[in-house]
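Contents: one structure, followed by commentary.
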Amino acid sequence: MSSLYFPEESARFQSLLNSLRAKRVAVLGHMRPDGDCIGSQVALCRILHTTVGADAICVNHHTVPRNLQAFVGDTPFLHENDFVPDGHVAVCTDCSDLTRIGKALVARFSSFEGNIDHHLSNSLFARENIVLPSAAAACHMIAAFAFDLGLPLDAVTAQALYVGIVTDTGQFKYPSTTPEVLEISARLVRLGASPQAATASLYEHDSFGRLALLQRFLASLKLYAAGKICIGEIPLGTFEATGTTREDTEGLVDYARCIDGVDVAALLEEMPDGVKGSLRAKDARYRVDQLGKKLNGGGHALAAGFNLEGASLDKDRQRIVDIITTHLSHTDAAE
Ligand code: 5GP
Ligand code: MN
């Protein structure tokens, strides 16, 4: 048995790094970036710098959320409006397809050289696609490649990778938390990652407004399908009323998911131009990635999302509830 985590993919990662030697590289993540997105961008950017001397920079459609800013360190990280392409090639991480990056940013590149991701639904849009749906996080993949290849990782990189693993495993709770994931996390801690610093920034810096948002979300929760589905809403105007932003919705859907008897939970966030949904399941057989697809989105079996352009809660709530209910009844019937 090989002692390497991902021998084949690690070799392909090394080839990707080699092909980017001394190039200008933009490391792209998805819209509404989460811990795994930012962590994997930061780590990949730093690895590109130190191992092959690439002039790498991270660029996203949205800015780095407040609770993740501490993990960027001195890594160059730009909003797309501040990014001036100058012969840059793109490498993407934690992005299942190009729409997740955002049209305006995608349009600025003629070449997508790398795609490092763990989404089952990845559309393999780049020249070199390294996709491992069994991985807990894009950060799990990059950490494993670095260990397999003996690449040096500084403390900022180790911390960024650790943060991505913590967030995408639901703080080491989801079934993706394998012995290998815990072992890799321990190795990152040995290299300088601090679990305490990660938890403090991620989960112990809530604003008072976020608690007001949570109160409203909890008050909106409704059960459907004899208590198997729980849906909560954030109607238009809620952020203004509570002094919060969309970043503050992170984790809210888990309150709906944790109720006894609930199999599938959803958060519906109303925006001026549509409804954004977050979907969560307790069991992978509910395949919320497939449910997300029925609503113009996608994701993982246990955590997925969608974006219905032009939708509103009053107009489309019932349709969304019906799609979720039908999906659940088909899953239950298939048992
Ligand atoms: P969240 O609910 O935290 O926004 O997203 C959970 C997961 O669902 C993300 O990691 C991502 O994989 C997926 N996801 C969220 N929104 C979308 C979307 O609009 N389209 C697709 N394809 N996937 C999404
Ligand atoms: Mn991820």
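Everything in the sequence shown is counted per the working numbering, starting at 28 for the first residue and increasing by one.
C-beta: ideal position from N, C-alpha, C; glycine also.
For clarity, every value in this text was computed on a predicted model and none was experimentally measured.
Can you tell me whether S203 is buried or exposed, with buried defined as 16 or more other CB within 10 angstroms of its CB?
-> For the purposes of this step, residue 203 is identified with residue 176 of the sequence shown, where counting begins at 1. Here S203 is buried: its Cβ has 16 or more other Cβ atoms, across all protein chains shown, within 10 Å.
Residue burial classification, F235 (beta-carbon count within 10 angstroms, cutoff 16) | Residue numbering aside, residue 235 sits at position 208 when the sequence shown is read from its first letter. Counting other Cβ atoms within 10 Å of its Cβ, F235 stays below 16 and is therefore classed as exposed.
Express the C-alpha separation of L159 and E35 in angstroms, rounding to a whole number.
-> For the purposes of this step, residue 35 is taken as residue 8 along the sequence shown, with counting starting at 1. For the purposes of this step, residue 159 is taken as residue 132 along the sequence shown, with counting starting at 1. Taking the Cα positions, E35 is about 11 Å away from L159.
Quick one: what's got a C-beta closer than 6 Å to L218's C-beta in the same chain, skipping five residues either side?
-> As a first step, residue 218 must be located in the sequence shown, where it is residue number 191. Excluding positions up to five away in sequence, the list reads L180 and A185.
Reduced DSSP secondary structure (H/G/I, E/B, other) of D121 = The sequence position of residue 121 within the sequence shown is 94, counting from 1. Per DSSP, reduced to three states, the secondary structure at D121 is coil, with no helix or strand assignment.
Let me know the secondary structure DSSP gives C285 once reduced to three states.
-> Translated into positions along the sequence shown, residue 285 becomes position 258. In the three-state scheme derived from DSSP, where H, G and I count as helix and E and B as strand, C285 is classed as coil.
Of the choices T205, L322, S67 and L240, whose alpha-carbon is the least far from that of A173?
-> Counting from 1 along the sequence shown, the entry for residue 173 is found at position 146. Nearest C-alpha to A173: S67.
Note down, in chain order, each residue of its chain lying with its Cβ closer than 8 Å to the Cβ of R154, except the 5 sequence neighbours on either side.
-> By one-based count along the sequence shown, residue 154 stands at place 127. Excluding positions up to five away in sequence, the list reads S138, F139, E140 and G141.
Taking Y251 as part of the beta strand (DSSP E), name the residues at either end of that continuous run.
-> Walking along the sequence shown from the start, residue 251 turns up at place 224. From DSSP, the beta strand (DSSP E) with Y251 extends over K249 to Y251.
Among T269, R314, G191 and V289, which one has its Cα closest to the Cα of T226?
-> Start at 1 with the first residue of the sequence shown, and residue 226 comes out as number 199. If you compare the alpha carbons of T269, R314, G191 and V289 with that of T226, the shortest gap goes to G191.
Decide if A49 is buried, meaning its Cβ has at least 16 other Cβ atoms within 10 Å, or exposed.
-> For the purposes of this step, residue 49 is taken as the residue at position 22 of the sequence shown. The residue is exposed, with fewer than 16 neighbouring Cβ atoms inside 10 Å.
Residue environment, P260, which counts as buried when at least 16 other CB atoms sit within 10 Å = Taking the sequence shown and counting its residues from 1, the one referred to as residue 260 is at position 233. Sequence check: residue 260 is Glu here, not Pro. Buried is the call here.
Evaluate Q345 with the Cβ neighbour count: other Cβ atoms within 10 Å of its Cβ, from every protein chain shown; 16 or more gives buried, anything less gives exposed.
-> Working through the sequence shown from its first residue, we reach residue 345 at position 318. Around the beta carbon of Q345, fewer than 16 other beta carbons lie within 10 angstroms, which makes this residue exposed.
Whole-angstrom C-beta distance between I169 and I143, which should lie under 8 Å = On the sequence shown, residue 143 is found 116 positions in, with the first residue counted as 1. On the sequence shown, residue 169 is found 142 positions in, with the first residue counted as 1. Right, the Cβ-Cβ distance comes to about 7 Å (below 8 Å), so this counts as a contact.
When H76, A330, A83 and H232 are compared against A293, the one with the closest alpha-carbon | Along the sequence shown, one-based indexing puts residue 293 at 266. By alpha-carbon distance to A293, the top candidate from H76, A330, A83 and H232 is A330.
Output the distance between the C-alpha atoms of T194 and G254, rounded to the nearest integer angstrom.
-> In the sequence shown, counting from the first residue as 1, residue 194 sits at position 167. In the sequence shown, counting from the first residue as 1, residue 254 sits at position 227. Cα-Cα distance, rounded: 27 Å.
Please report how far the alpha carbon of G270 lies from the alpha carbon of F98, in whole angstroms.
-> As a first step, residue 270 is located in the sequence shown; it is residue number 243 there, counting from the start. As a first step, residue 98 is located in the sequence shown; it is residue number 71 there, counting from the start. One C-alpha to the other measures close to 24 Å.
Does the stretch 268-285 come close enough to the stretch 310-319 to have 3 or more Cβ pairs within less than 8 Å?
-> The stretch 268-285 is not in contact with the stretch 310-319.
Residues sharing a beta bridge with C85, DSSP = As a working note, residue 85 is residue 58 in the sequence shown. V54 and F104.
So what does E336 bridge to, in DSSP terms?
-> Numbered from its first residue, the sequence shown carries residue 336 at position 309. Per DSSP, G301.
Give a yes or no on whether the C-beta atoms belonging to L340 and N323 are separated by under 9 Å.
-> Within the sequence shown, residue 340 is the residue found at index 313, counting from 1. Within the sequence shown, residue 323 is the residue found at index 296, counting from 1. Taking 9 Å as the cut-off, the Cβ atoms of L340 and N323 do not count as close.
Please determine, among A53, D63, M58 and H88, the residue with the shortest C-alpha to C-alpha distance to C72.
-> Sequence index remark: in the sequence shown, residue 72 carries index 45 (1-based). Taking only the C-alpha atoms, the option nearest C72 is A53.
Delimiting residues of the beta strand (DSSP E) encompassing D144 = The residue you call residue 144 lines up with position 117 of the sequence shown. Its beta strand (DSSP E) spans residues F139 to D144.
Is D195 near ligand 2, in the sense that its beta carbon is under 8 Å from a heavy atom of that ligand?
-> The residue you call residue 195 lines up with position 168 of the sequence shown. Yes, the Cβ of D195 comes within 8 Å of a heavy atom of ligand 2.
Decide if the stretch 72-87 is in contact with the stretch 99-113; the criterion is three or more beta carbon pairs, one per stretch, under 8 Å apart.
-> The stretch 72-87 makes contact with the stretch 99-113: 3 or more CB pairs, one atom from each, lie closer than 8 Å.
Buried or exposed for K303, please, with buried defined as at least 16 other CB atoms from any protein chain shown within 10 angstroms of its CB.
-> As a first step, residue 303 is located in the sequence shown; it is residue number 276 there, counting from the start. Looking at its Cβ environment, which holds 16 or more other Cβ atoms inside 10 Å, K303 is buried.
Please state if the CB of L355 and the CB of D290 are separated by a distance shorter than 9 Å.
-> Stepping through the sequence shown from its first residue, residue 290 is reached at position 263. Stepping through the sequence shown from its first residue, residue 355 is reached at position 328. Cβ distance < 9 Å, so D290 and L355 count as in contact.
Using alpha carbons as the reference points, say which of D121, T120 and V116 lies closest to A134.
-> By 1-based counting over the sequence shown, the position of residue 134 is 107. Closest in C-alpha terms to A134, from the list D121, T120 and V116, comes V116.
Contiguous alpha helix (DSSP H) assignments of at least 4 residues, all confined to the stretch 308-357 = If we require 4 residues or more, the alpha helix (DSSP H) runs fully inside the stretch 308-357 come out as 315-321.
Which residues share a DSSP beta bridge with C257?
-> By one-based count along the sequence shown, residue 257 stands at place 230. L250 and A292, per the DSSP bridge assignment.
Look at D175 and S42 and say whether their C-beta atoms are less than 9 Å apart.
-> On the sequence shown, position 148 is the one that residue 175 refers to. On the sequence shown, position 15 is the one that residue 42 refers to. No; because the gap between Cβ atoms is not below 9 Å, this pair is not in contact.
Among Y251, G80, Y32 and V91, the one whose alpha carbon lies nearest that of D61 | The residue you call residue 61 lines up with position 34 of the sequence shown. Minimum Cα distance to D61 is reached at V91.
Check whether the Cβ atoms of G326 and L306 sit closer than 9 Å, and answer yes or no.
-> The sequence position of residue 326 within the sequence shown is 299, counting from 1. The sequence position of residue 306 within the sequence shown is 279, counting from 1. The answer is yes: Cβ separation under 9 Å.
Does any heavy atom of ligand 1 sit closer than 8 Å to the C-beta of R314?
-> As a position in the sequence shown, residue 314 is number 287, starting the count at 1. Flag unset: Cβ of R314 not near ligand 1.
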